[in-house]
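> Provided herewith is a single structure, encoded as structure tokens, for subsequent inquiry.
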Amino acid sequence: MKAAILNSGPLRIEQAPIPQLSPGQVLLRVRACGVCRTDLHIIERELPVLRPHLIPGHQIVGEIAGGATADLPMGTRVGVSWLGGADGTCPYCRRGMENLCDAPVFTGYSVDGGYAEYCAARADFVIPLPAGLDDLHAAPLLCAGIIGFRSLRVAGVEPGDRVGLFGFGASAHLAIAVLRAWKCEVYVSTRGSSHRSLAASLGAAWVGDEHQMPPVELDRAVTFAPSGDVVIAALKSLRKGGVVAINAIHLDRMPEFDYDKLLWGERQIRSVANMTRADARDFLKIAGEIKLQPKVTVYPLDSVSDALAAIKRDALDGAAVIGL
Ligand SMILES: [Zn+2]
Ligand SMILES: [Zn+2]
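This note's numbering applies: residue 259 is where the sequence shown begins, and numbers increase by one.
Okay, structure coming up:
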């Protein structure tokens, strides 16, 4: 099969054997795979190298092409996300917090992913996909979408809340659709005029640049930029008892801030780590109901490096997807 492979050098398109299945796995013929900023961090080795030879990609739409079961017959279309597996036995898994598992499997990072014509996946971690969403538009939902949705949960968003989104990339442009479906007022603060006009077109009540404060006190906020200053800006806009959820694996740094003014009053800062299968199921169900249609730019597998470069330049509105 053809695959994009990360060895010691840059990502290269090569021929590779079709994966051999272990017990409990299914083989997928990949139809589409989203390209995520985390892939860029893996490929540029900003995240620790876990495997000397890796096929990245963790937003996979594929059809069952091997290892079929009664529940997953041949040809069934499913999704695979960043959480490729959890041990099911650690204290976190036993508490229903598999996103915090002590021994997780990460698709396209600790195991091979979907920048390829075929991939293997754990049968109990593939996600049913709503029929109304085509392959290319379903793929970006599987990371940016699910994790954006989890961020709304971590922030404790309730219907009708005033919610701030700080940064407006792949994840936020999906989260806003869910917020609008929940009748929330959405305040978007982001750099980049094209991101601002996209936010306005998707129903934001207010849009400003990264230096502007929303004109009202927010009930909840989610930050998407890998910047501690943005977290502080979000905290400054919260009412008492409000929550900031940080949808970023890394922050550049966390600045000092005034506890008395910014955090006292039972305001909270929370991080968002990974996702659970329940997040995936619940989000995809809503996505199907509201006919969520992410904005996508499609690349062939041969051009995956162009997609990664565009993400690095922040040149895309919405998400990049490899179509196979
Ligand atoms: Zn991702
Ligand atoms: Zn576990």
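Note that the Cβ used here is the ideal one computed from N, Cα and C, for glycine as well.
S529: which of K543, A536, V502, A262 sits nearest, CA to CA?
Against the sequence shown, residue 529 aligns to sequence position 271. Closest option to S529, Cα to Cα, is V502.
> Which same chain residues end up closer than 8 angstroms to L509 when comparing Cβ atoms and leaving out the 5 residues on each side of it in sequence?
Here residue 509 corresponds to residue number 251 of the sequence shown, with the count starting at 1. Contacts found: P484, S485, G486, V489.
> Once you ignore the five residues that flank G499 on each side, which residues in its own chain have a CB closer than 6 angstroms to its CB?
As a first step, residue 499 must be located in the sequence shown, where it is residue number 241. For G499, where only same-chain residues beyond five positions count, the Cβ hits under 6 angstroms are E524.
> Which runs of the beta strand (DSSP E) fall wholly inside the stretch 512-558 and span at least 3 residues, in chain order?
The stretch 512-558 contains these whole beta strand (DSSP E) runs: 526-529, 554-558.
> For the stretch 399-413 and the stretch 537-545, state whether three or more C-beta atom pairs, one from each stretch, are separated by less than 8 angstroms.
A contact exists between the stretch 399-413 and the stretch 537-545.
> How about the stretch 336-343 and the stretch 353-369: do they share at least three Cβ pairs that are nearer than 8 angstroms?
Enough Cβ pairs lie closer than 8 angstroms, so yes.
> At the level of alpha carbons, what is the spacing between S455 and I300?
Looking up residue 455 in the sequence shown gives position 197. Looking up residue 300 in the sequence shown gives position 42. Roughly 30 angstroms separates the two Cα atoms.
> Let me know the secondary structure DSSP gives L432 once reduced to three states.
Within the sequence shown, numbered from 1, the residue matching residue 432 stands at position 174. Three-state DSSP puts L432 in a helix.
> State buried or exposed for H316, treating a residue as buried only when at least 16 other CB atoms are found within 10 Å of its CB.
Here the question's residue 316 lines up with position 58 in the sequence shown. Buried, because 16 or more other Cβ atoms sit within 10 Å of the Cβ of H316.
> Indicate, with yes or no, if ligand 1 has a heavy atom lying under 6 angstroms from the CB of C377.
Residue mapping note: residue 377 aligns to position 119 of the sequence shown, counting from 1. False, no ligand heavy atom lies under 6 angstroms from that Cβ.
> Nearest-angstrom Cα distance between H453 and E475?
Locating residue 453 in the sequence shown gives position 195, where the first residue counts as 1. Locating residue 475 in the sequence shown gives position 217, where the first residue counts as 1. Straight-line Cα distance between these residues: approximately 22 angstroms.
> For ligand 1, which residues count as neighbours when the test is a C-beta closer than 5 angstroms to any heavy atom?
The set, ordered by position in the chain, is C294, T296, C401.
> Between A344 and ligand 2, is there a pair consisting of the residue's CB and a ligand heavy atom that are separated by less than 6 angstroms?
For the purposes of this step, residue 344 is taken as the residue at position 86 of the sequence shown. The answer is yes for A344.
> Once you ignore the five residues that flank G418 on each side, which residues in its own chain have a CB closer than 6 angstroms to its CB?
Within the sequence shown, residue 418 is the residue found at index 160, counting from 1. Once the five neighbours on either side are set aside, the close Cβ partners of G418 are K441.
> If we ignore side chains and look at the alpha-carbon of each, how far apart do I385 and L286 end up?
Taking the sequence shown and counting its residues from 1, the one referred to as residue 385 is at position 127. Taking the sequence shown and counting its residues from 1, the one referred to as residue 286 is at position 28. Spanning the two alpha carbons is a distance of roughly 12 angstroms.
> Quick one: measure Cβ to Cβ for L559 and K260, integer angstroms, because I've assumed they're closer than 8 angstroms.
Taking the sequence shown and counting its residues from 1, one reaches residue 559 at position 301. Taking the sequence shown and counting its residues from 1, one reaches residue 260 at position 2. Their Cβ separation, rounded to whole angstroms, is 6 angstroms, which keeps L559 and K260 in contact under 8 angstroms.
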